[in-house]
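*Asks:* Those sequence lines, one after another, are chains Y and E. For the first sequence, our numbering begins at 208 and goes up steadily by one. For the second sequence, our numbering begins at 55 and goes up steadily by one. Backbone N, C-alpha and C fix where the C-beta goes; we use that ideal spot for every residue, glycine too. As the structure is a prediction and not an experimental result, all values here were calculated from the model.
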Amino acid sequence: MICKQYKQALLELAAAGPETKPDPKLQTHLQACSSCRSAFENERGLFASIDSCLRSSANSEIPSSFIPTLRAQLQRESPAAQGARITNPLFWLPAIAAAAIILFIFASQDRRVKSQPTAEQFATKRTESPVATATTEPSPSQATAAPITAAVGKRPASKAIIRPDKKPGRGSSSAPEILVPPDQEILLARYADQFRRHHQLSATLLTEAAPDQTAELQVPLIQIAKLEVKPLADTQPDGQQNGLREK
Amino acid sequence: MQELVLIQPGRTAETNLQRGATEAALRREFEDRLAECGPLAFRVARGVLRNTADAEDVAQDAILRAYRRFDKLRDRSRFRAWLVRITFRLALDRAKSSNRRQHRETLWAQPERKPAPPTAEDLAAANQFRSRLDHAVDELPEKQRLVLLLSAIEGHTLEEVAALLNIPMGTVKSRLFFARKQLAEKLR
Chain Y
208 MICKQYKQAL LELAAAGPET KPDPKLQTHL QACSSCRSAF ENERGLFASI
258 DSCLRSSANS EIPSSFIPTL RAQLQRESPA AQGARITNPL FWLPAIAAAA
308 IILFIFASQD RRVKSQPTAE QFATKRTESP VATATTEPSP SQATAAPITA
358 AVGKRPASKA IIRPDKKPGR GSSSAPEILV PPDQEILLAR YADQFRRHHQ
408 LSATLLTEAA PDQTAELQVP LIQIAKLEVK PLADTQPDGQ QNGLREK
Chain E
55 MQELVLIQPG RTAETNLQRG ATEAALRREF EDRLAECGPL AFRVARGVLR
105 NTADAEDVAQ DAILRAYRRF DKLRDRSRFR AWLVRITFRL ALDRAKSSNR
155 RQHRETLWAQ PERKPAPPTA EDLAAANQFR SRLDHAVDEL PEKQRLVLLL
205 SAIEGHTLEE VAALLNIPMG TVKSRLFFAR KQLAEKLR
């Protein structure tokens with residue numbers, strides 16, 4: 208049983224740590240009173256176990272990967288440098304140069320498209336040539352193709368919308384619109400024109416070969432002449448007739 | 055009246071070079087300090103979280119934050135204390151969020167919860183004492199807790215703890231005294 212008047216002082220002494228020197232009066236009492244001494248020892252033991260437990264958990268071993276991972280992260284992350292790079296005008300210089308180059312390329316392509324002959328011009332040139340005349344002579348699609356190609360040719364935009372089967376004066380078409388790069392605009396118009404012409408030519412040929420295959424077959428009735436049946440007596444020879452009679 | 059400013063066109067490049075050199079120097083300085091302060095940050099986080107993986111995460115996060123703001127630190131000699139504070143704060147935040155998550159998960163699993171069978175380890179007195187101590191430490195006020203933790207880490211003396219936290223020695227002593235007293239009362 209701990210003495211009441213020393214209880215608080217003993218607990219505080221234990222809590223203060225082993226290096227704290229006790230009050231002389233208290234020390235004298237501890238030497239004299241065994242119960243207080245044992246209580247004080249218990250208390251010190253409790254604090255020692257608290258300290259050792261805290262130390263062991265606080266000074267746990269550091270994982271071997273901790274510092275290398277940290278160094279790698281620091282290598283990757285350099286926020287100050289990144290921030291400086293963004294504010295630095297030299298950082299933007301390559302981006303500005305790249306944008307200028309891209310703009311220049313687009314502008315030059317546009318100019319090239321404008322200077323190239325339009326599809327209409329192309330088509331007229333082709334009809335003038337003998338080969339083209341031979342192939343395009345029967346083509347009725349010339350009339351429809353020309354407005355389309357002309358319309359395409361007039362577009363100075365970087366991307367043209369081509370409707371291969373669009374007819375003039377037609378409000379809307381169910382055919383898909385095709386986005387074409389500017390340098391392939393005329394080629395595609397030519398291709399569409401040729402395709403349509405071939406398609407129509409083949410349709411014409413098929414019509415000539417089999418004009419109306421879906422119509423009902425009209426087979427003329429077989430004309431069978433009336434049989435003339437003549438009596439045997441008139442037609443058979445006499446000998447035979449006599450023979451029959453004998454039988 | 056329009057104001058005109060005289061500039062030197064070649065100066066930008068010079069300034070950038072200077073800035074780059076300063077940054078490189080800062081980085082070298084930080085990396086030098088890292089070997090010394092990294093383990094301390096880890097241990098502070100480990101002391102609060104009691105989980106190695108979480109402590110590693112938190113310590114790394116704290117060090118990266120410190121690195122990002124290293125150039126703004128005026129007194130470089132205070133780096134250690136600064137890092138300790140950042141780590142402690144982050145570790146407390148992480149502990150709180152993990153406690154909340156644990157609480158939610160416990161509530162979610164409550165209908166199916168069964169009392170875990172006591173194992174030999176659970177029954178071991180040392181472990182029991184440790185778990186009680188951990189619980190008691192968690193209940194300490196933050197300031198006392200930090201002092202207790204720092205005094206336990208790497209054998210820091212009271213003077214070192216005072217220097218780390220930039221507080222008077224008497225304050226450290228009193229905080230430590232009250233922290234230990236409270237722990238003893240809870241563990242007695």
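(1) What residues in its chain sit with their C-beta under 6 Å from that of E:Gly101, if we drop five residues either side in the sequence?
(2) Return the CA-CA distance between Y:Leu261 and E:Ile207, expressed in angstroms with no decimal places.
(3) Start and end of the alpha helix (DSSP H) containing Y:Asp258?
(4) Quick check: the Cα distance between E:His157 and E:Ala149, rounded to an integer number of angstroms?
(5) Can you pull out the residues from the segment 205-233 of chain E whose beta carbon lies closer than 7 Å to at least one beta carbon of chain Y?
(6) Under 8 Å between the Cβ atoms of E:Phe84 and E:Phe124?
(7) Can you list the residues of chain Y that E:Ile117 reaches, using a CB-CB cut of under 7 Å?
(8) Taking Cβ positions, are Y:Asn266 and E:Arg97 nearer each other than 8 Å?
(9) Just verifying my parser: in three-state terms, what is the DSSP assignment at Y:Val426?
(10) In whole angstroms, give me the CA-to-CA distance for E:Ser205 and E:Thr211.
(11) Just how far apart, CA to CA, sit Y:Ala216 and Y:Arg244?
(12) Residue range of the alpha helix (DSSP H) that E:Leu200 falls in?
(13) How is E:Leu127 classed by DSSP in three states: helix, strand or coil?
(14) Determine the contact status of E:Leu194 and E:Gln236, defining contact as a CB-CB distance below 8 Å.
(15) Kindly indicate the opening and closing residues of the alpha helix (DSSP H) around Y:Thr276.
(16) Classify E:Gly92: buried if its beta carbon has 16 or more other beta carbons within 10 angstroms, exposed otherwise.
(17) Measure the alpha-carbon distance for Y:Gln212 versus Y:Leu218 and round it to whole angstroms.
(18) The ligand SAM and Y:Pro225: does the residue's C-beta get closer than 7 Å to at least one heavy atom of that ligand?
(19) Less than 8 Å between the beta carbons of E:Glu110 and Y:Pro275, yes or no?
(20) Is there a Cβ of chain E sitting closer than 8 Å to that of Y:Cys260, yes or no?
(21) Since E:Ala238 and Y:Leu237 are thought to touch, with beta carbons under 8 Å apart, how far apart are those beta carbons, to the nearest angstrom?
(22) For E:Ala99 and chain Y, any beta-carbon pair shorter than 8 Å?
(23) Between Y:Arg362 and chain E, is any beta-carbon pair separated by less than 8 Å?
(24) What did DSSP end up calling Y:Val436 once you bin it into helix, strand or coil?
(25) Out of curiosity, what's the CA-to-CA distance linking Y:Leu300 and E:Glu77?
(26) Quick one: does E:Phe142 have its CB under 8 Å from some CB of chain Y?
(27) Going by the beta-carbon positions, is the gap between E:Ala99 and E:Ala145 smaller than 8 Å?
(28) Since E:Val201 and E:Leu230 are thought to touch, with beta carbons under 8 Å apart, how far apart are those beta carbons, to the nearest angstrom?
(29) Who are the neighbours of E:Leu202 on chain Y, taking C-beta pairs under 8 Å?
(30) Does chain E have any CB closer than 8 Å to the CB of Y:Ala246?
(31) Within 8 Å of any Cβ in chain Y, is that where the Cβ of E:Lys269 sits?
(32) Taking all protein chains shown into account, do 16 or more other C-beta atoms lie within 10 angstroms of the C-beta of Y:Ser348, making it buried, or fewer, making it exposed?
(33) Report all residues from its chain with a CB closer than 6 Å to the CB of E:Ala216; omit the five preceding and five following residues, and keep chain order.
(34) Y:Pro270 touches chain E at which residues, Cβ-Cβ below 7 Å?
(35) Using the beta-carbon of each residue, which ones in chain E are nearer than 9 Å to Y:Ser242?
(36) How many whole angstroms separate the CB atoms of Y:Arg251 and Y:Ala223, which I take to be in contact at a CB cut-off of 8 Å?
*Replies:* Put simply:
(1) Leu203
(2) 8 Å
(3) 241-265
(4) Rounded to the nearest whole angstrom, the C-alpha separation of E:His157 and E:Ala149 is 12 Å.
(5) Ala206, Ile207, Glu208, Phe231
(6) yes
(7) Leu277
(8) yes
(9) coil
(10) 6 Å
(11) 12 Å
(12) For E:Leu200, the enclosing alpha helix (DSSP H) covers residues 196-206.
(13) coil
(14) yes
(15) 273-283
(16) buried
(17) 12 Å
(18) Absence of the ligand SAM from the depicted structure is noted, as is the absence of any ligand whatsoever, leaving it without description.
(19) No. Outside cutoff.
(20) Yes, its Cβ sits closer than 8 Å to a Cβ of chain E.
(21) The C-beta distance from E:Ala238 to Y:Leu237 rounds to 18 Å, too long to fall under 8 Å, and the pair is not in contact.
(22) no
(23) Low confidence applies here, because Y:Arg362 scores a pLDDT of 48, under 50, leaving its location unreliable and the question unanswered by this model.
(24) coil
(25) 22 Å
(26) no
(27) yes
(28) 5 Å
(29) Going along chain Y in sequence order, the residues near E:Leu202 (Cβ under 8 Å) are Leu261.
(30) Chain E contact via Cβ: absent.
(31) This structure does not reach residue 269 of chain E, given that chain E is present from 55 up to 242, and the question cannot be answered.
(32) Its pLDDT being 46, under 50, Y:Ser348 is placed unreliably by the model, and the measurement read from it follows with that caveat. Y:Ser348 comes out buried.
(33) Excluding five sequence positions before and after E:Ala216, the CB atoms of its chain that fall closer than 6 Å to its own CB belong to Met223, Val226, given in chain order.
(34) Thr106, Glu110
(35) In chain order: nothing, as chain E lies at least about 17 Å away.
(36) Not confirmed; about 11 Å, so no contact.
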